[in-house]
Each structure stands twice: as C-alpha cells, then as structure tokens.
Amino acid sequence: QITTVSGNEFLLQSDIDFLILDWFHAIKNAIDRLPKEQRITSRNLEFKLRRSSSIELLNNLDTESKEPKPEHRKSLIFRLNYSASDTNDRNRVKSRLKKFISRRPSLKTLQEKGLIKDQIFGSHLHLVCEHEKSTVPQFVRLCIKAVERRGLDVDGIYRVSGNLATIQKLRFVVNQEEKLNLDDSQWEDIHVVTGALKMFFRELPEPLFPYCFFEQFVEAIKIQDNATRIKSIRTLVKKLPRPNYDTMKILFEHLKKIAAKESVNLMSTQSLGIVFGPTLLRPEKETGNMAVHMLYQNQIVELMLSEYSKIFGSEED
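Residue 194 in full-length UniProt numbering sits at position 194 of the sequence shown; the count goes up by one each step and never skips.
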C-alpha cells in the first residue's frame, strides 16, 4: 500500500513474493531518482503539517518570509506583486489568525460541552472499548455482520477497494453518530463497508498487534518446525490485552469464513494475509527491512487463519 504526499492511496497486490519485492525496489528506485530539492521540500511540508501546531506553522511562515530572496527573483514583476500594502495586508491577516487560533477552546473543552463527541476512527482500541463498555468495538461487529450477510460470495471481497469518498462519508457518520445502519442504501456497496473496516484498523494509533509484540511475532513465524511455530504464535496471542485479543479473535473468525468461500470470492488465506498483514501489524519505526517485514506480516496473518482453531481454541483443543 502506497500513500503519496498528495494523499492518494494505491494498493498493489500479488501472491508471488519475488514479484512484490521487484515492485518495492522499482518504487524505491523511482523515489531515489527524484530531484533532491523536490524530495526535501515534500518531506519538510509533510513534517510541518503533521508536527507543528497551527500557531507554530504561522510563525514558521513568518520566519521564512523574512529570509532574503535570491537575487534573480527580485524582478520588477515581483516588486509589483508584493508591494508594501500587500505585505501589510498579509501581516494583518496572519495576526488575526494567530489571535483566533490562540483563543479557540481546547478539544477537551469542546468534548465536555458535547460539541465534539469521542472519535471512533483514530482512537486507541482500548479507549474505544472503554467508552462502549465492551472488549470489541461496536463498529467492527456491525461491519462483520454486514459482510457476512451480503458479502461472503462477492468476488475480491476485502481486496477490491470501495469508493473513497463514500468511505470517508461513512467514517464521518461513525464518528458523529451513535447509531449506524449499514443496511441503509447509501452503504449498499459492500466494498465501502470493507474499506471502512480496513481504514479503522489502519488508523489505530497502535495496531491490533501492539508494537511491543511485533518483533516477537516475527521471530515466531521464522521458526522452522510447524508445531513449535503454531505454539509460539498461540502463546503470544494469549498474552495480548483483552480488547486486542477479543477483537482479533472475532476478526480472524470472520476472515476464516471469507477464506472458506475461496472458490466463489477468490480470496484465499494467502490473499487475506496480503491485504491484512500490513494493516494489523507493523513495526513502530520503519527500517530498511520494509519488504522483508511485509512478507512476515503476510505470513503471520496467513498462519493464524489456517491454524485458527489451534491458536484461538481452548487448551483441550
């Protein structure tokens, strides 16, 4: 899955491991060939938007605007476009924006007044569960029920992307309203429901497989002996926090039902591993081993689907 600086998302999938690696290296080489200044500019802009508060960003803009411009840009057109009056107008606007932003109420104040409700998307899993007094988010349950009612036989379920605008609309509704009816005609495209469910897990601040467990799961999947590998994965799963374990169990049980219809929907355990691997578990800090990690992520999900009863079953099983 690739997200560009402009916000466009692309999902490239294949069941052939070496082909995925070829794609990865081709994309990396294309990025490396970009002009150095263009890459730095994009990264700086992205860093500002993500890390800076609104006031800091305005202050940075002020500082940058005071830096001397290259001599070749001081043309007659430049001086005409940026006259003294224009500069004063811009400074006044910035000053007013700063005052407005500094006086705006905090998020906590708006939540206490009921103007902003607790968010579902982008919140930590345990906080969503605490708010709902459950161990599995209600939105996850609703999506799974909707897919099992009308999506098990759909070709490419979870692989095919839904309309992004409609998915974002569903995301907004979930964050703003307590009651949600996924049988409403506006959500009739089941790929919108599956897209929103994947987005929910993708936007968790900490993935369903917590960061502190990532390396342990990777080491477990590397074990050569199959019985020992399954036992190690099972032991790690049992150590997960209750919301993570319960949500994972209901999700994998659902995905197992999807895989059982592979002859119709063409979604094997391997295909589901490719789709959900990077979504459900990822390292806290990306390293140069991204392509290798991707293979392990896929394999972990695939194994847990294939050996669901041994991993999530009781000790007697």
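Glycine included, every Cβ here is placed at the ideal spot set by N, Cα and C.
| query | result |
| --- | --- |
| Can you list, in chain order, the residues of its chain with a C-beta nearer than 7 Å to that of Q119? Leave out the 5 residues immediately preceding and following it. | N175 |
| For F121, does the three-state DSSP call read helix, strand or coil? | coil |
| Verify whether the separation of the beta carbon atoms of D189 and G162 is less than 8 Å. | yes |
| Taking just the CA atoms, how far does K198 sit from D246? | 17 Å |
| Exposed or buried, which one is M294 when buried takes at least 16 other CB atoms within 10 Å? | buried |
| Comparing C-alpha positions only, which one of G277, F312 and K310 sits nearest to I300? | G277 |
| How many Å lie between L34 and C143 at the Cα? | 41 Å |
| For the alpha helix (DSSP H) that contains R141, what are its first and last residues? | Q138 to R150 |
| Can you determine whether any heavy atom of the ligand GTP sits closer than 7 Å to the C-beta of N175, and answer yes or no? | In the structure shown, the ligand GTP is absent, as is every other ligand, since no ligand is present at all. |
| Mapping the DSSP letters down to three states, classify F209 as helix, strand or coil. | coil |
| May I ask you to report which of helix, strand or coil DSSP gives E9? | strand |
| Check for me: the alpha helix (DSSP H) holding M267 runs from which residue to which? | First-last for M267: undefined, no H or E at that position. |
| Alpha carbon to alpha carbon, how far is R90 from R103? | 20 Å |
| Rounded to the nearest angstrom, what separates I20 and A26 at their Cα positions? | 10 Å |
| Measure the C-alpha to C-alpha separation of N29 and A291 and round it to an integer number of angstroms. | 14 Å |
| Quick check for students: name the residue ranges of the alpha helix (DSSP H) that lie wholly in the region 228 to 260, counting only runs of 4 or more. | 242 to 260 |
| In angstroms with no decimal places, state the Cα-to-Cα distance between L182 and R96. | 43 Å |
| Can you name the start and end residues of the alpha helix (DSSP H) that R202 belongs to? | I190 to R202 |
| Going by DSSP, which residues form a beta bridge with residue 330? | Because the chain is modelled from 1 through 317, residue 330 falls outside the range shown and cannot be assessed. |
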